[in-house]
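Below you'll find the structure, written out as structure tokens, and then a few comments.
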Amino acid sequence: MQRIKLLLTATAMAGLLSVGASAGGNADLVKQGEKIFNTKKIGNCLACHAVNGKKINNPGSLGPKLQGLSAWPEQALYDKIYDPYTTNPISAMPPFGKNGVLSDEQIKAVVAYLKTVK
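Residue numbers (my numbering): -18 to 99.
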């Protein structure tokens, strides 16, 4: 089990290197992440989160208002979306990656979008 977890982490880190290289200049990836964030049938992040500096229609308040994410390491954002229980075992946020709700590529797109949040 530990070996699988290490392999998944290594794979995610390698993939994030490509997000980091492209997120700054890849508006399409950011737009895709924004769509996932705001679409109820995909990510539905807006059900729980408001976002600093972003106009979101009727954001939820269960989760914290997202702010300052441009300063977060990409890996930390990816891990939080993939499985928030690894850093907070009592998190109310579902493990979108671990449960297969979002694919690796979709999580990378959401990370690219979240990196635009000041």
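Note that the Cβ used here is the ideal one computed from N, Cα and C, for glycine as well. Here the structure is a predicted model, which is why all the values come from computation and not from measurement.
Touch test, the region 5 to 21 against the region 55 to 69, Cβ-Cβ under 8 angstroms, three pairs minimum: Cβ pair count under 8 angstroms is below three, so no.
Residues bridged to Val32 (per DSSP): In the sequence shown, the residue the question calls residue 32 occupies position 51. Val32 is bridged to Leu47.
Close-in-space but distant-in-sequence residues of the same chain around Ala28 (CB under 6 angstroms, 5 per side omitted): Residue 28 sits at position 47 when you count from the first residue of the sequence shown. Same-chain partners within the cutoff: Gly41.
Look at Lys99 and Gly44 and say whether their C-beta atoms are less than 7 angstroms apart. Locating residue 99 in the sequence shown gives position 118, counting from the first residue. Locating residue 44 in the sequence shown gives position 63, counting from the first residue. No. Outside cutoff.
Measure the C-alpha to C-alpha separation of His30 and Gln13 and round it to an integer number of angstroms. Residue numbering aside, residue 30 sits at position 49 when the sequence shown is read from its first letter. Residue numbering aside, residue 13 sits at position 32 when the sequence shown is read from its first letter. Near 18 angstroms, if we compare the C-alpha coordinates of Gln13 and His30.
Starting from Asp9, trace the alpha helix (DSSP H) in both directions and tell me its first and last residue. If you number the sequence shown from 1, residue 9 lands on position 28. Counting along the chain, the alpha helix (DSSP H) containing Asp9 begins and ends at 8 to 19.
N- and C-terminal bounds of the alpha helix (DSSP H) containing Lys99: Stepping through the sequence shown from its first residue, residue 99 is reached at position 118. Counting along the chain, Lys99 falls outside any alpha helix (DSSP H), and DSSP gives it neither H nor E.
Going straight from the alpha carbon of Gly49 to that of Gly78, what length do you get? The residue labelled residue 49 in the question sits at position 68 within the sequence shown. The residue labelled residue 78 in the question sits at position 97 within the sequence shown. Gly49 and Gly78: Cα-Cα distance of roughly 23 angstroms.
Just reading off the alpha helix (DSSP H) that Lys61 is part of, what are its end residues? Within the sequence shown, numbered from 1, the residue matching residue 61 stands at position 80. First-last of the alpha helix (DSSP H) with Lys61: 55 to 63.
Supposed close pair Ala90, Ile17 - CB separation, criterion 8 angstroms: Here residue 90 is taken as the residue at index 109 of the sequence shown, counted from 1. Here residue 17 is taken as the residue at index 36 of the sequence shown, counted from 1. Right, their Cβ atoms sit about 6 angstroms apart.
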